[in-house]
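Report on the following structure.
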Amino acid sequence: MGKTYATAGRERLRIAIQKSGRLSDPARALLAGCGLAWRESRDRLFCHGESLPIDLLLVRDDDIPGLIADGACDLGIVGRNVLLEHAGVRALQGQAAAYREWRALGVGSCRLVLALPEAIQWHAPAQLQGLRIATSYPALLGQWLREQDVAAEIVTLSGSVEIAPRLGQADAVCDLVSSGATLAANQLRPVETLLQSEAVLAGPVAGFGDAREDLSMLLLRRLDGVLRLKDSKLLLFRASRRAVPSLLELLPDAEAPVITGIDGSDALALQAICHGAVTWQRLEDLKRAGASGLLVLPVERMLA
Ligand code: ATP
Ligand code: ZN
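Count the sequence shown with this note's numbering and you get residues 38 to 341, in order.
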């Protein structure tokens, strides 16, 4: 008998992530940072949570919003672009929102842009009237065109959108970019940003009302710790009491600095978690302002 994954029960939480693609490694890394560990099924579609009752389903990113909407998965890690496009399609069909963005994850950043052939001068959206625009995001593009009060023809393509103008399929494109190199290689220039996107944790609009509620809150608390600690460092140093105010001015990103007196001396010991980059330049500035014995340490975990 074929194995089914349909009967997870409501004691386990199921998270859909991309099986292979830009978001699969970052999604796994974030969840592993939350203390999750898994045993992968032989068909590589399902990962059974070993450290916590939180399982993963490995799927195409486009399927993730629908899986949450159907209740086949509880949470998902997916690009905001995919989530909002799916929600836009649902809205056009008169269906209510079935999920919402729970957290922005700070990975997979990109923009959904309108791009024109370089030879065309850009003035305003009105010049799109009557043109054909190729995209994989027809709902998001349609919404934007309505907001601009422009009637253009949307040519929906599932891939290779950027070559559509050269193939004569469209006059412009609406596509995702990060560096812009792909557009430039196809003699296209971004002229409008329709959406700033990144990977997000998506979940139901309301909570779960069963054991999954506590599990999802536990995961969120850990995830918030992981997200706050990204690029954070613990900074330790000594300084005289009178140098402290100007030193703290050099540390605007320091969270709740702890200052301790050292017995029998004017020196103080300071420790602070810095959320910005602690570069050599910053250390040299601190030293000039009176700090000594500077130590920068990585931070593994934080529970506020
Ligand atoms: P799948 O096989 O799962 O359908 P895909 O080819 O649709 O994969 P990827 O190319 O792996 O998807 O992109 C996944 C997500 O990564 C995008 O939806 C987007 O949110 C994000 N992303 C970040 N930078 C870019 C980029 N330059 N181009 C496309 N997507 C990007
Ligand atoms: Zn996809």
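The beta carbon of each residue, even a glycine, is placed where N, CA and C say it ideally should be.
A quick note: this is a predicted structure, and the numbers were derived from the prediction, not measured.
Self-check item: Enclosing alpha helix (DSSP H) for residue 283 [first to last residue]
Solution: For residue 283, the enclosing alpha helix (DSSP H) stretches over residues 281-286.
Quiz item: Going by C-alpha distance, which of 173, 313, 208 and 328 is nearest residue 284?
Solution: Comparing alpha carbon positions, the residue from 173, 313, 208 and 328 closest to residue 284 is 328.
Quiz item: Is residue 299 helix, strand or coil when you go by DSSP?
Solution: coil
Self-check item: beta strand (DSSP E) runs contained entirely in the segment 173-203, provided each spans 3 or more residues
Solution: 190-193
Quiz item: Rounded to a whole number of angstroms, what is the C-alpha to C-alpha distance between residue 99 and residue 87?
Solution: When rounded, the distance between both Cα atoms is 27 Å.
Quiz item: Taking 7 Å as the cut-off, is the CB of residue 59 close to at least one heavy atom of ligand 1?
Solution: At least one heavy atom of ligand 1 falls within 7 Å of the beta-carbon of residue 59.
Self-check item: Straight-line gap, residue 209 to residue 78 (C-alpha atoms, nearest Å)
Solution: 44 Å
Self-check item: For residue 122, the three-state DSSP class (helix, strand or coil)
Solution: helix
Exercise. Return yes when at least one heavy atom of ligand 2 lies under 7 Å from the C-beta of residue 62, else no.
Key: Residue 62: no, Cβ never under 7 Å from ligand 2.
Quiz item: Sorted by chain position, which residues of the same chain lie with C-beta nearer than 8 Å to residue 188's C-beta, five sequence neighbours on each side aside?
Solution: 166, 167 and 182
Quiz item: Is the beta carbon of residue 97 within less than 7 Å of some heavy atom of ligand 2?
Solution: yes
Quiz item: Is there contact here, the segment 151-159 with the segment 194-212, by at least three beta-carbon pairs under 8 Å?
Solution: Judged by Cβ distances under 8 Å, the segment 151-159 makes contact with the segment 194-212, as three or more pairs qualify.
Quiz item: In three-state terms, what does DSSP make of residue 324?
Solution: When DSSP states are grouped into helix, strand and coil, residue 324 belongs to the helix group.
Exercise. Since I believe residue 234 is in contact with residue 148 (beta carbons under 8 Å), could you give me their beta-carbon distance rounded to a whole number of angstroms?
Key: 7 Å
Quiz item: Are residue 269 and residue 336 touching if we call contact CB-CB under 8 Å?
Solution: yes
Quiz item: Mind checking residue 172: buried by the 16 CB within 10 Å criterion, or exposed?
Solution: buried
Quiz item: Is it the case that the CB of residue 211 approaches a heavy atom of ligand 1 more closely than 7 Å?
Solution: no
Self-check item: Burial state of residue 55, where buried means 16 or more other Cβ atoms lie within 10 Å
Solution: buried
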